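Q: Each number in our numbering comes from the position in the sequence shown (counting from 1) with 63 added on.
Backbone N, C-alpha and C fix where the C-beta goes; we use that ideal spot for every residue, glycine too.
Owing to the predicted nature of the structure, the values given are computational and were not obtained by experimental measurement.
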Amino acid sequence: MADRLSQFTWLDKPGENARWLGEIFCVSFFRGLSPVEVLDRFGPEGTTGIGREMTIHDLGEVVGDFVRKTQGGSGGGYVGVRQVDGWSMAIELLGWYAVRPDYLTRLSRGCEMVAVSRHAYADDSFVYAVDGELITGFDPHLPGSRWGSEPDRINPDLHKLGLPTEILHDEAWEKSWHRLYDQRILRAFALAAEITGVVFTSSLLDGPLLVGPITQQA
């Protein structure tokens with residue numbers, strides 16, 4: 064268990080590349096789509112090839128400009144995508160659109176998608192979707208309360224990580240609360256790694272990203 068989580072402890076450190084992620088971010092993984100195709104799905108309907116190559120620092124700059132102009136509340140406005148071990152990985156700084164029901168349907172159409180969202184001032188999220196359908200989703204600190212068309216499909220992966228698959232009550236809940244809450248994001252990324260085979264390491268933020276706008280839906 065400790066070995067599985069140790070790969071993600073950098074997310075809790077103020078230094079390294081975690082500083083670019085901050086308190087609000089979303090990382091999503093897509094199997095069956097290229098980075099260009101992922102970017103097209105985040106962007107305006109019917110547009111293609113709108114991406115620009117940037118570093119994570121550059122992405123942070125354009126996101127910062129967008130947030131200042133929109134005064135917050137509309138996410139980061141941009142997403143950066145790169146290829147990793149057969150999956151396309153998308154990073155939203157100050158964003159959460161990949162876990163929104165109205166977006167994940169479009170994003171996961173014809174492919175497999177896993178996404179983890181951290182939001183210091185709202186709900187964190189984990190979602191697993193296939194071909195436009197949400198298979199399972201839950202708050203990372205409440206893995207026993209899942210929803211979707213087949214919420215138990217990933218139960219074997221949850222068991223590997225010591226996560227409960229049923230709602231805990233009373234004493235069991237009290238004993239597990241701090242463990243589940245304090246390690247919620249680490250365990251969510253460990254779960255994503257179990258499903259995708261992609262370990263979200265800090266080095267994945269070092270390479271170039273294909274960056275484009277996120278369509279703002281009402």
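Within the chosen definition, does the region 118–126 reach the region 162–169 through at least 3 CB pairs nearer than 8 Å?
A: No: the two stretches stay apart, fewer than three of their Cβ pairs being nearer than 8 Å.
Q: If I measure Cβ to Cβ from Glu86 and keep anything under 8 Å in the same chain, skipping five residues before and after, which residues do I get?
A: Numbered from its first residue, the sequence shown carries residue 86 at position 23. Arg181, His182, Ala183 and Tyr184, listed in sequence order.
Q: Among the residues of its own chain, which have a CB less than 7 Å from the CB of Cys104, if the five just before and after it don't count?
A: Mapped onto the sequence shown, residue 104 falls at position 41. First, the amino acid is wrong: residue 104 is Arg here, not Cys. So the list reads Arg169 and Leu170, once near-sequence residues are dropped.
Q: Relative to the C-alpha of Gln70, which residue among Ala256, Leu268, Pro271 and Leu272 is closest?
A: Counting from 1 along the sequence shown, the entry for residue 70 is found at position 7. The option with the nearest alpha carbon to Gln70 is Ala256.
Q: Ile87 by DSSP, collapsed to three states: which one?
A: Walking along the sequence shown from the start, residue 87 turns up at place 24. Strand, per DSSP.
Q: Would you mind reading off the limits of the beta strand (DSSP E) that contains Arg181?
A: Position 118 of the sequence shown, counted from the start, is the residue given in the question as residue 181. It spans Glu175 to His182 - the beta strand (DSSP E) in which Arg181 sits, taken as one unbroken run.
Q: So, with DSSP's three-state summary, where would you put Val262?
A: Walking along the sequence shown from the start, residue 262 turns up at place 199. In this structure, Val262 counts as coil in the three-state DSSP scheme.
Q: Return yes when the Cβ of Pro203 is within less than 8 Å of the Cβ of Arg145, no when it is not.
A: On the sequence shown, position 82 is the one that residue 145 refers to. On the sequence shown, position 140 is the one that residue 203 refers to. Result no, Cβ atoms of Arg145 and Pro203 do not sit closer than 8 Å.
Q: Note down the Cα distance separating Gly135 from Phe189, rounded to an integer number of angstroms.
A: For this step, residue 135 is matched to residue 72 along the sequence shown. For this step, residue 189 is matched to residue 126 along the sequence shown. Cα to Cα, Gly135 sits roughly 23 Å from Phe189.
Q: Could you tell me how far apart the beta carbons of Ile154 and Gly140 are, in whole angstroms, since I believe they sit closer than 8 Å?
A: Position 91 of the sequence shown, counting from 1, holds the residue named residue 154. Position 77 of the sequence shown, counting from 1, holds the residue named residue 140. Rounded, the Cβ-Cβ distance is 13 Å, inconsistent with contact.
Q: To which residues of the same chain is Glu108 closer than 8 Å at the C-beta, ignoring the five residues directly before and after it?
A: Along the sequence shown, one-based indexing puts residue 108 at 45. The answer, listed in chain order, is Thr278.
Q: Note down the Cα distance separating Ile113 from Gly275, rounded to an integer number of angstroms.
A: Residue 113 sits at position 50 when you count from the first residue of the sequence shown. Residue 275 sits at position 212 when you count from the first residue of the sequence shown. For Ile113 and Gly275, the distance between alpha carbons rounds to 6 Å.
Q: Going by DSSP in three states, Arg94 sits in which element: helix, strand or coil?
A: Counting from one through the sequence shown, the residue named residue 94 turns up at place 31. DSSP places Arg94 in strand when its eight states are reduced to three.
Q: Hey, quick one: how far does the alpha helix (DSSP H) through Tyr166 stretch, first residue to last?
A: By 1-based counting over the sequence shown, the position of residue 166 is 103. First-last of the alpha helix (DSSP H) with Tyr166: Pro164 to Leu170.
Q: Which whole runs of the alpha helix (DSSP H) in the region 115–152 are 4 residues long or more, in chain order?
A: Complete alpha helix (DSSP H) runs here, min 4: 119–133.
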